[in-house]
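Structure first, commentary second.
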Amino acid sequence: MPGFANPLETWNARFAGDDYLFGEEPNDFVQREAPRLPRGATVLCVADGEGRNSVWLAQQGHAVTAFDFAPNAVAKAKRLAAARNVAVDHRIGDVYDWPWTAAQYDAVVVVFIQFVPPEERGAVFAGLRAAMKPGGLLLLEGYRPEQVDYGTGGPPRREHMYTREWLAHEFADWDVLLLDAYDAEVREGRGHRGMSALVDLVARRPAA
Numbered sequence: 303m304p305g306f307a308n309p310l311e312t313w314n315a316r317f318a319g320d321d322y323l324f325g326e327e328p329n330d331f332v333q334r335e336a337p338r339l340p341r342g343a344t345v346l347c348v349a350d351g352e353g354r355n356s357v358w359l360a361q362q363g364h365a366v367t368a369f370d371f372a373p374n375a376v377a378k379a380k381r382l383a384a385a386r387n388v389a390v391d392h393r394i395g396d397v398y399d400w401p402w403t404a405a406q407y408d409a410v411v412v413v414f415i416q417f418v419p420p421e422e423r424g425a426v427f428a429g430l431r432a433a434m435k436p437g438g439l440l441l442l443e444g445y446r447p448e449q450v451d452y453g454t455g456g457p458p459r460r461e462h463m464y465t466r467e468w469l470a471h472e473f474a475d476w477d478v479l480l481l482d483a484y485d486a487e488v489r490e491g492r493g494h495r496g497m498s499a500l501v502d503l504v505a506r507r508p509a510a
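FYI, the numbering for the sequence shown is 303 to 510, going by our numbering.
Next comes the structure, spelled out in structure tokens:
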């Protein structure tokens, strides 16, 4: 996942330890909403870091492709998949040049990609849309601007965060199954710990 100054160096340094920065267990939102996925779904996990979400989804029987731009994060994701005895197509890739139209998936999972600045967000979200089959699901969790005050994860930049209103507008032409803004205690490794300002979206791409 990119950072801001020397992004690859920064994130490789953050992922350099033997431990898993955001833990080895899946994100709570992903666990709650995964039952919406069809059996054996094809899933793309975007900026997946060390693999906690992609590996868990593979354990549920899904065919998962995942990417992150930090090579050492991808290496740890592969080790986690091997330890859990599941197959995941883990790749090194970046949200800014990922081949979004190369394949289409039953679901795209996006968790905390707050590194994307507002001026790049339109292109990235267009890519997310293009990677989904008609009728496919987007599962997205992000931070709201109030997260900067909590300081428990994400960059210290309010403009990088999402609001409920912005997501509602962005996906007004989709079938929004869930859109919820709330505060909750997050405990994901040493990277995300403490009360957090969250916003969750589950939206279905129109079938036609």
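In this text, a Cβ means the ideal position worked out from N, Cα and C, and glycines have one as well.
Taking a 10 Å sphere around the C-beta of R507, we find 16 or more other C-beta atoms and assign the residue as buried. Shown here for R341: not one same chain residue has a beta carbon closer than 6 Å to its own, the five before and five after excluded.
Inclusion of D408 and G438 in the CB contact set at 9 Å is warranted, their separation being smaller than that value. The beta carbon of D482 sits closer than 6 Å to those of D502, all from its chain and outside the five residues before and after it, given in chain order.
Assignment of H462 by DSSP, reduced to helix, strand and coil, places it in the helix class.
Using a 10 angstroms sphere on the CB of A433, the tally of other CB atoms reaches 16 or more, which defines it as buried. If only uninterrupted beta strand (DSSP E) runs of at least 3 residues are considered, those enclosed by the region 345 to 390 are 365 to 370.
Burial is judged here by how many other beta carbons sit within 10 angstroms of a residue's own beta carbon; N355 has at least 16 and is buried.
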